[in-house]
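In this note's numbering, the protein residues as written are 1065 to 1229. Ideal placement from N, C-alpha and C gives every residue a C-beta, glycine not left out. The structure under discussion appears below in the form of structure tokens.
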């Protein structure tokens, strides 16, 4: 079993440099194209992630508006029902009417609480998504800068007598 591990390590050590040299274009740094390919893929993935976060922020804003509009409509409906009830000093004391009045007030309070909860959730979602977006954007900028430095190093001729290894 140990011999198999040693053999695989030996084969990997022997195969790696030859494979890297064979794959690199003539006159370029052998590992350069692999590195820039990996950077390009990571940059593309980060760009897509940032775009997804932007879309999620926009979608969450639309949902927030819809939720708040629905809560407002429900509150207005409750207010209309409450206004249809006559004041207790006009009708006298009727337990059924007072029960309805209290239920409507409780419903209004509940709608106000739902509205505050939705606004808080919206704020929390925006803050979390913005933090994540900022982190991705920082990494994206760093990788783009690294890719630029690498591409400048590949374009400029190397001074004679200096090796990159």
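TODO: Inspect the beta-carbon positions of residue 1121 and residue 1193 and report whether they are closer than 8 Å.
DONE: Taking the first residue of the chain shown as 1, we reach residue 1121 at position 57. Taking the first residue of the chain shown as 1, we reach residue 1193 at position 129. In contact: residue 1121 and residue 1193 (Cβ atoms closer than 8 Å).
Open item on the list: Give me the residue from 1132, 1190, 1149 with the minimum Cα distance to residue 1169.
Closed with: By 1-based counting over the chain shown, the position of residue 1169 is 105. It is 1149.
Open item on the list: Using a 10 Å radius around the Cβ and a threshold of 16 neighbouring Cβ atoms, would you call residue 1204 buried or exposed?
Closed with: Start at 1 with the first residue of the chain shown, and residue 1204 comes out as number 140. Residue environment for residue 1204: buried (at least 16 other C-beta atoms within 10 angstroms of its C-beta).
Task: Three-way DSSP call (helix, strand, coil) for residue 1194 in this model - done: Against the chain shown, residue 1194 aligns to sequence position 130. Three-state result, residue 1194: helix.
Open item on the list: What does the Cβ neighbour count give for residue 1166, buried or exposed, with the cut at 16 atoms within 10 Å?
Closed with: Within the chain shown, residue 1166 is the residue found at index 102, counting from 1. Exposed: under 16 other Cβ atoms inside 10 Å.
- [ ] Measure the C-alpha to C-alpha separation of residue 1171 and residue 1159 and round it to an integer number of angstroms.
- [x] Against the chain shown, residue 1171 aligns to sequence position 107. Against the chain shown, residue 1159 aligns to sequence position 95. C-alpha separation (whole angstroms): 18 Å.
TODO: Report the three-state DSSP secondary structure of residue 1090 (helix, strand or coil).
DONE: Mapped onto the chain shown, residue 1090 falls at position 26. For residue 1090, the predicted model reports a pLDDT of 40, less than 50, meaning its position is unreliable; a value from the coordinates is still stated below. Residue 1090 falls in the coil class under three-state DSSP.
Task: Chain-order list of residues whose beta-carbon lies under 6 Å from that of residue 1101 (same chain, five-residue window excluded) - done: For the purposes of this step, residue 1101 is taken as residue 37 along the chain shown, with counting starting at 1. Contacts found: none.
Open item on the list: Please classify residue 1142 as buried or exposed, where buried requires at least 16 neighbouring CB atoms within 10 angstroms.
Closed with: Start at 1 with the first residue of the chain shown, and residue 1142 comes out as number 78. Looking at its Cβ environment, which holds 16 or more other Cβ atoms inside 10 Å, residue 1142 is buried.
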